[in-house]
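S.K.: Please see the structure below; I have some questions.
Number of protein chains: 2
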Amino acid sequence: MDQIDMNILQQLQGNAKISMKELAAAVHLSSPAVIERVRKLEEQGVIEGYHAKLNLTKIERTIQAIILFKSIDCKSLAAFCKGHPDVLECYRVAGEISYIVKLATYSVETLEQFIDAAMPYGTPSTNIILSSMEKMVITPFSDDY
Amino acid sequence: MDQIDMNILQQLQGNAKISMKELAAAVHLSSPAVIERVRKLEEQGVIEGYHAKLNLTKIERTIQAIILFKSIDCKSLAAFCKGHPDVLECYRVAGEISYIVKLATYSVETLEQFIDAAMPYGTPSTNIILSSMEKMVITPFSDDY
DNA sequence: CTTGAAAGGATCTAAGG
DNA sequence: CCTTAGATCCTTTCAAG
Chain P
1 MDQIDMNILQ QLQGNAKISM KELAAAVHLS SPAVIERVRK LEEQGVIEGY
51 HAKLNLTKIE RTIQAIILFK SIDCKSLAAF CKGHPDVLEC YRVAGEISYI
101 VKLATYSVET LEQFIDAAMP YGTPSTNIIL SSMEKMVITP FSDDY
Chain L
1 MDQIDMNILQ QLQGNAKISM KELAAAVHLS SPAVIERVRK LEEQGVIEGY
51 HAKLNLTKIE RTIQAIILFK SIDCKSLAAF CKGHPDVLEC YRVAGEISYI
101 VKLATYSVET LEQFIDAAMP YGTPSTNIIL SSMEKMVITP FSDDY
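Sequences listed follow chains P and L, in order.
Counted from 1, the first sequence has number 46 at position 46 by UniProt numbering; the numbering is strictly sequential.
Counted from 1, the second sequence has number 139 at position 139 by UniProt numbering; the numbering is strictly sequential.
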């Protein structure tokens, strides 16, 4: 994992569909060299996949929320969340909170349904998302430290 | 936005690099038809981009955390977070909490540095992520409701 | 790792339903 | 709005250095 690999990772985070030829030019290498590097990064599991990012509002998931849980049965909650179509991410955490769930749903009614369904697993504290920022590209091995 | 578009979106979420030919076969359409649909979904902003997903641990960001802030100057905090290389996502929320930040950093030392730097903007409650689940594919317009 | 040539696909266009 | 077929273009692959 050298500086060139880091550049490759940055490029692919920003644009998964870039051709190997373009990518090669961007990192000042030949196509075969870059193809081999990408293959290795995939094989090593550094690159986990390539995904389209959707605008949640435009697929009618207009309500997004982050729900915090304290002192609960985390295993059951995790299983519940995993199987629920509105849950985007969930985190088992150590801190003041035990479990954090991010979800995107259709309306306040469907949010209410989720909260009711989650109640058996603990007491939720619901935080509706007003605005958000998600970085699609992070710098591998930043030299900031 | 019909059922075929939803199928297309699901496929592209799971695999951004699928060829239009393969995608066409998956949704039982011809290539030109599918290319035109994808073009429109991009143009409408339903598809925001295509991104490689990295394994954070394998790029040395072994510590991940979700930090909750109460009663703070959200604008300043947002600006600070936006410019900080360790911040992955941040959310302005309505609820018990005012602001939520997800970050990935290199060590407890660099986490401490972040917390110290963020202190001027409010009192953080730090939750270290022990394990997590992130869905890369969500179903557009689920019929569950 | 690079270059260059060859092969294989993918996308695009056009015509037709 | 779709399909099929053909042509073009581009990408990847391979071989040699």
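Each residue gets a CB set at the ideal place from its N, CA and C atoms; glycine is no exception.
Only a predicted model underlies this, so the values are computations on that prediction, with no experimental measurement involved.
Could you tell me which whole alpha helix (DSSP H) segments of length 4 or greater appear in the UniProt domain "HTH asnC-type" (1-85) of chain L?
M.R.: Runs found: 3-14, 20-26, 31-43 and 74-83.
S.K.: Could you give the distance in angstroms between the alpha-carbon of L/I46 and the alpha-carbon of L/K40?
M.R.: Here residue 46 of chain L turns out to be Val, not Ile, going by the sequence shown. Looking at the two C-alpha atoms, the distance is approximately 9 Å.
S.K.: So what's P/E134 in DSSP terms, helix, strand or just coil?
M.R.: Strand at P/E134.
S.K.: With distances taken between CB atoms, is the gap from P/Y121 to P/D73 smaller than 8 Å?
M.R.: Yes, these two residues count as a Cβ contact at 8 Å.
S.K.: Quick check: what's the CA-CA separation for L/Q113 versus L/T57?
M.R.: Approximately 19 Å between the Cα atoms of the pair.
S.K.: Using a Cβ-Cβ cut-off of 8 Å (strictly less than) and excluding sequence neighbours within five positions of P/E96, which residues of its own chain qualify?
M.R.: Hits under 8 Å: K70.
S.K.: Residues of chain L with CB under 8 Å from P/Q44, in chain order?
M.R.: Per Cβ cutoff of 8 Å: K58.
S.K.: Quick check on this structure: which residue in P/Y50, P/D2 and P/L29 has the alpha carbon closest to the alpha carbon of P/V137?
M.R.: The shortest Cα separation from P/V137 among P/Y50, P/D2 and P/L29 belongs to P/Y50.
S.K.: Got a sec: is the Cβ-Cβ distance from L/Q3 to anything in chain P below 8 Å?
M.R.: It does not; no Cβ of chain P falls within 8 Å.
S.K.: Just checking: is the beta-carbon of L/M119 within a distance shorter than 8 Å of some beta-carbon in chain P?
M.R.: Not closer than 8 Å to any Cβ of chain P, the Cβ of L/M119 fails to qualify, so no.
S.K.: Which chain P residues are close to L/L111, counting only those with a beta carbon under 8 Å from its beta carbon?
M.R.: What L/L111 touches in chain P: nothing, since even the nearest Cβ is about 11 Å away.
S.K.: Would you kindly report the start and end of the unbroken alpha helix (DSSP H) that includes L/T139?
M.R.: Here L/T139 belongs to no alpha helix (DSSP H), and DSSP marks it neither H nor E.
S.K.: Since residue 148 of chain L is in the beta strand (DSSP E), which residue starts that stretch and which ends it?
M.R.: For chain L, the structure presents residues 1 to 145; residue 148 of chain L sits outside this window and is missing.
S.K.: Checking 8 Å against the spacing of the C-beta atoms, do L/L55 and P/V93 come in under that value?
M.R.: At residue 55 of chain L the sequence reads Asn, which differs from the Leu that was named. No, the Cβ-Cβ distance between L/N55 and P/V93 is not below 8 Å.
S.K.: Note down, in chain order, every chain L residue with its Cβ under 8 Å from the Cβ of P/T126.
M.R.: Within chain L, the residues near P/T126 are G95.
S.K.: According to DSSP, is P/E109 helix, strand or coil?
M.R.: Three-state DSSP puts P/E109 in a helix.
S.K.: Does any C-beta atom of chain P lie closer than 8 Å to the C-beta of L/F141?
M.R.: Chain P contact via Cβ: present.
S.K.: List the DSSP bridge partners of L/P124.
M.R.: L/P124 is bridged to L/F69.
S.K.: Closer than 8 Å is the cut-off here; do at least three beta carbon pairs connect the region 5-23 of chain L with the region 99-114 of chain P?
M.R.: No, because fewer than three Cβ pairs between the region 5-23 of chain L and the region 99-114 of chain P fall closer than 8 Å, the two stretches do not touch.
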